[in-house]
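> This is the structure, below, for whatever I ask next.
Residue numbers (our numbering), protein chains in the order written: chain A, 245 to 497; chain B, 23 to 381.
Structure representation (structure tokens):
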């Protein structure tokens, strides 16, 4: 992926099997979110290819990617602010309906059954996440942690096969992160999901991911199970820099 | 529940208001009758523009253009029908003019679709400028088309005559009233139900966050173009009603001011509030007329000064519009709740007890 003269992602190749839980980490500006944006169709890759479920995603719009079963959450929460909690989820479930505008206006049987199905889906998701009491609250009235949770619930309402979570623990305290870890493991079990996760919280990443991909300056520098990443010299260098003393000398001269 | 009445029982509502129209036919003078029709036309304009500006969040300033298309198409078709096939009268005229409005709306919707497809990629001010430009183009084209009267305007537009059913005479006004009421209710029910469906939620999500909407599987381009075309449809219908009712169209009646009037209705009533649009359409239509006595008193036309002053005051006091994005029944319920809470608190205070919520 290239933005003008800047190569944001280069030499990155990875594959994820159904049911995997993969972590994508790297220092700030490594290109992690750009990877998500390319994968979910927000950016069209300038070179290379993204394949999901035997479909090339290169020329697809984000909504088409979502309808193939690949969904995401956002690093900076992007809920529909003027809508209620329930409406947020129903909006994500809107892609499952096949009725037309006329059905919606005339309230045909097709409309009633499909709307009912979506409502049931939304309510069952809300009860799994213990948000059913707040279904009529405006999305922005939720506390921060629950807004993050709602983002995940909303993504699940698209009935995805794979979900990309962009820093789901950002801004959460210790106990909230613990709970989130449990939630992620739980939804993966329950919905047979493949999960790709960007996270800075190393405890969370090391705790739940089976495989971790490390990105630095758009280049994959390491890939493997958590133990391998923790002991990798290249990863430590990427995060902490190469031998601090040398830098100091160079700066001084 | 009360708020569902119009949505669930539109026919009953239609009949009830038809009785009001019949009374108006008996009691009111022609000028007031005309004001009622104008009010209903403004309601259609306001509600339909609210679909684009309020619900789908795309700021359009070209509503007069679509109204002009509807009006001129409808007037021309009636003219052609009259000269080639013959006058339409009797019981057939109501379905005939409803059909004409349908075709006029279709033509406006087509224009909306053609304009919307490329221009809805733009956002905010840029979209406003493009739609404004579109409306001006339509106006200038009409101004220079001799076949529809050019700058002189389109005269003697055909309309329904009095309907005689034996001894019973249904006046022209009552027929117009029924037809316009039909369209007002159809417009209201369509938009009301649409925004409470999967398709309508697509519109709302585009307004709130386009990127998130895309990621959740909403075809945002389609949603915007659909909202735009449907909005244009009703603007075209309003144009058709206006044309046959007034009997005269001129390009200058579809200038920038009319687009702005429609925007004022939407903003004043509240973006995303249908009942707000109805309320605001009433105010915008009636306030200048109610201020007429003031003009007689002062001898100069101060109506517009007062009118604009009221609008500015309004925007300072309630920047989100009269209803915000809520519907009137919700607001009423909230008001009733706070009033009850306030009364309970007062009572508790009078009895010298601390004001605790009572179970």
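Note that beta-carbon positions come from the ideal geometry of N, C-alpha and C, so glycine has one too. All of these numbers come straight from a predicted model, not from anything done at the bench.
Measure the CB-CB distance between residue 179 of chain B and residue 97 of chain B and report whether it falls below 8 Å.
Against a cut-off of 8 Å, the Cβ pair of residue 97 of chain B and residue 179 of chain B comes out as a contact.
> Taking C-beta pairs closer than 8 Å, name the residues in chain A that residue 297 of chain B reaches, listed in chain order.
The premise fails here: residue 297 of chain B is roughly 17 Å from chain A at the closest Cβ pair, so nothing lies under 8 Å.
> Tell me the DSSP bridge mates of residue 467 of chain A?
Beta-bridge pairing by DSSP links residue 467 of chain A to A:457.
> Quick one: residues in its chain with C-beta nearer than 7 Å to the C-beta of residue 309 of chain A, no 5 flanking neighbours on either side, listed in chain order?
Excluding sequence neighbours, residue 309 of chain A sits near 284, 285 and 301.
> Taking C-beta pairs closer than 7 Å, name the residues in chain A that residue 223 of chain B reaches, listed in chain order.
Residues of chain A passing the Cβ test: 331, 334, 335 and 338.
> Quick check on the DSSP output: the alpha helix (DSSP H) that includes residue 68 of chain B runs from which residue to which?
52–72
> Could you tell me the distance, in whole angstroms, from the CA atom of residue 25 of chain B to the CA atom of residue 351 of chain B?
Any reading at residue 25 of chain B needs caution, since the residue's pLDDT is 46, under 50, leaving its predicted position unreliable; the model's value is listed next. Their backbone Cα atoms lie some 6 Å apart in a straight line.
> Find out if the Cβ-Cβ distance for the pair residue 408 of chain A, residue 316 of chain A is shorter than 8 Å.
yes
> Along the chain, where does the beta strand (DSSP E) containing residue 406 of chain A start, and where does it finish?
406–410
> How about residue 296 of chain B and residue 72 of chain B: do their beta carbons lie closer than 8 Å?
yes
> What residues in the segment 416–432 of chain A have a beta carbon less than 8 Å from any beta carbon of chain B?
Only those residues of the segment 416–432 of chain A whose C-beta falls short of 8 Å from the nearest C-beta of chain B would be listed, and there are none.
> Given a threshold of 16 other Cβ atoms within 10 Å of its Cβ, counted over all protein chains shown, does residue 306 of chain A qualify as buried or as exposed?
buried
> With distance defined between alpha-carbon atoms, name the residue in A:439, A:423, A:366 and A:341 nearest to residue 413 of chain A.
A:423
> Counting only Cβ-Cβ distances shorter than 8 Å, please list the residues of the segment 357–380 of chain A near chain B, keeping chain order.
Here the close residues are 358, 359 and 362.
> Quick check on residue 37 of chain B: buried or exposed, where buried means 16 or more other Cβ atoms within 10 Å of its Cβ?
Residue 37 of chain B comes out exposed.
> Below 8 Å on the Cβ atoms is my contact criterion, and I expect residue 259 of chain B with residue 66 of chain B to pass it. Report the Cβ-Cβ distance as a whole number of Å.
6 Å
> Spell out the partners DSSP gives residue 299 of chain A in its beta bridges.
Answer is A:296, bridged to residue 299 of chain A.
> Measuring straight from C-alpha to C-alpha, what distance separates residue 39 of chain B and residue 391 of chain A?
The straight-line gap from Cα to Cα measures roughly 45 Å.
> What residues in its chain sit with their C-beta under 8 Å from that of residue 18 of chain B, if we drop five residues either side in the sequence?
Because chain B in this structure spans residues 23 to 381, residue 18 of chain B falls outside the shown range and cannot be described.
> Please go through the same chain and pick out, in chain order, the residues whose beta-carbon is closer than 6 Å to the beta-carbon of residue 160 of chain B, but skip the five residues on each side of it.
87 and 90
> Answer with buried or exposed for residue 327 of chain B, where buried requires no fewer than 16 other C-beta atoms within 10 angstroms of its C-beta.
exposed
> From this set, A:314, A:358, A:415 and A:330, which residue's C-alpha is nearest residue 377 of chain A's C-alpha?
Nearest of A:314, A:358, A:415 and A:330 to residue 377 of chain A, Cα basis: A:330.
> Please name the residue or residues paired with residue 308 of chain B in a DSSP beta bridge.
According to DSSP, which records beta bridges pairwise, residue 308 of chain B is partnered with nothing at all.
> Cutting at 6 Å between CB atoms, please list the residues of its own chain near residue 227 of chain B, excluding the five before and the five after it.
235 and 240
> Taking residue 138 of chain B as the reference, give the member of B:111, B:78 and B:285 with the closest Cα.
Nearest to residue 138 of chain B by alpha-carbon distance, out of B:111, B:78 and B:285, is B:78.
> Could you say which of B:157, B:173, B:198 and B:359 lies nearest to residue 266 of chain B if we only look at CA atoms?
The alpha carbon of residue 266 of chain B has as its nearest neighbour, out of B:157, B:173, B:198 and B:359, the alpha carbon of B:198.
> With 8 Å as the threshold, decide whether the Cβ of residue 482 of chain A is near any Cβ in chain B.
So, not an interface residue.
> Does any CB atom of chain A fall closer than 8 Å to the CB of residue 73 of chain B?
It does not; no Cβ of chain A falls within 8 Å.
> Assuming residue 473 of chain A and residue 458 of chain A are in contact, meaning their beta carbons sit under 8 Å apart, how far apart are those beta carbons, in whole angstroms?
Contact flag correct, Cβ pair sits at about 6 Å.
> Please report the distance separating the alpha-carbon of residue 47 of chain B from that of residue 280 of chain B.
28 Å
> Using a Cβ distance threshold of 8 Å, determine whether the segment 131–151 of chain B contacts the segment 247–257 of chain B, with at least three qualifying pairs required.
As far as the Cβ criterion goes, the segment 131–151 of chain B touches the segment 247–257 of chain B, which means the pair count is three or higher.
> Helix or strand or just coil, what does DSSP make of residue 146 of chain B?
helix
> Please report whether the beta-carbon of residue 299 of chain A lies at a distance below 8 Å from any beta-carbon of chain B.
no
> Closest to residue 484 of chain A by C-alpha separation, out of A:447, A:294 and A:271, would be which residue?
A:271
> Examine the ligand GTP and report whether any of its heavy atoms sits within less than 7 Å of the Cβ of residue 360 of chain A.
Although the ligand GTP was asked about, the structure shown includes no ligands whatsoever.
> Helix or strand or just coil, what does DSSP make of residue 375 of chain B?
Residue placement at residue 375 of chain B cannot be trusted, given a pLDDT of 47 that sits under 50; the coordinates are not used to answer.
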